[in-house]
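Colleague:
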Amino acid sequence: MIVVDTNAIAYLYLPCEFTGAAEALLQAEPDWAAPVLWRSELRNVLAGHVRRDSLSLEQAAAIQAEAEDLMRGAEYDVDSFGVLRLASESGCSAYDCEFASLALQLRVPLVTQDAQLLAAFPQVARGL
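Per our numbering, the sequence shown starts with residue 1, numbered consecutively.
#1: Going by CA-CA distance only, name the one from 60, 88, 33 and 15 that's closest to residue 77.
#2: Per DSSP, what kind of secondary structure is residue 107 in: helix, strand or coil?
#3: Roughly how many angstroms separate the alpha carbons of residue 50 and residue 83, rounded to a whole number?
#4: Bridge partners of residue 126, per DSSP?
#5: Would you tell me roughly how many angstroms separate the C-alpha atoms of residue 64 and residue 123, rounded to the nearest one?
#6: Rounding to the nearest angstrom, what Cα-Cα distance links residue 57 and residue 99 in this structure?
#7: With distance defined between alpha-carbon atoms, name the residue in 37, 12, 74 and 16 nearest to residue 26.
#8: Verify the CB distance criterion: does residue 15 have a CB-CB separation below 8 angstroms to chain E?
#9: Tell me whether the beta-carbon of residue 110 lies closer than 8 angstroms to the beta-carbon of residue 3.
#10: Would you give the residue range spanned by the beta strand (DSSP E) that residue 33 belongs to?
#11: Starting from residue 83, follow the beta strand (DSSP E) in both directions and report where the run begins and ends.
#12: Just checking my contact of residue 71 with residue 31 at CB under 8 angstroms: how many whole Å lie between their CB atoms?
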């Protein structure tokens with residue numbers, strides 16, 4: 001099992017320079033986990049694409065549904081105190097610290113392309 005951040009999930013569905021790496025990761029490590037927050041973050045990413053007319057509302061909804069199917073059963077609540085502690089110690093956002101907190105809680109790697117997370121949590125974070 002690995003924890004993935006929202007961008008890793010988005011890379012699967014929104015073609016970019018990291019799509020191939022995300023697909024390879026899913027094939028090599030198919031047991032992905034994330035805090036429940038990932039759903040709202042992906043909705044926000046998709047809403048931006050809809051506003052920029054790079055996706056229709058229907059396409060965005062279909063991507064969200066497919067991603068939710070992928071992550072079903074692997075979404076976790078995280079401890080608020082732990083997230084706030086990590087945010088205060090690291091300088092990362094509380095949003096980002098939800099992913100780090102979950103990785104620490106589950107004792108698994110966090111896969112991210114976020115440079116700040118990679119620098120703040122070298123004990124669990126690794127690049128895509």
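Even glycine gets a Cβ: it sits at the ideal position worked out from N, Cα and C.
Modeller: Here's the rundown:
#1: The candidate whose alpha carbon is nearest that of residue 77 is 33.
#2: In this structure, DSSP gives residue 107 a state outside helix and strand, which the three-state scheme calls coil.
#3: Roughly 31 angstroms separates the two Cα atoms.
#4: DSSP links residue 126 through a beta bridge to 111.
#5: Each residue's Cα considered, the two are about 31 angstroms apart.
#6: Computed Cα separation, rounded: 27 angstroms.
#7: For the residues 37, 12, 74 and 16, the minimum Cα distance to residue 26 belongs to 12.
#8: Among the protein chains of the structure shown there is no chain E, as only one such chain exists.
#9: Cβ atoms of residue 110 and residue 3: closer than 8 angstroms.
#10: Unbroken beta strand (DSSP E) run through residue 33: 32 to 35.
#11: Run containing residue 83: none in the beta strand (DSSP E); it sits in the alpha helix (DSSP H), 80 to 90.
#12: Not quite, the Cβ-Cβ distance comes to about 11 angstroms (not below 8 angstroms), so this is no contact.
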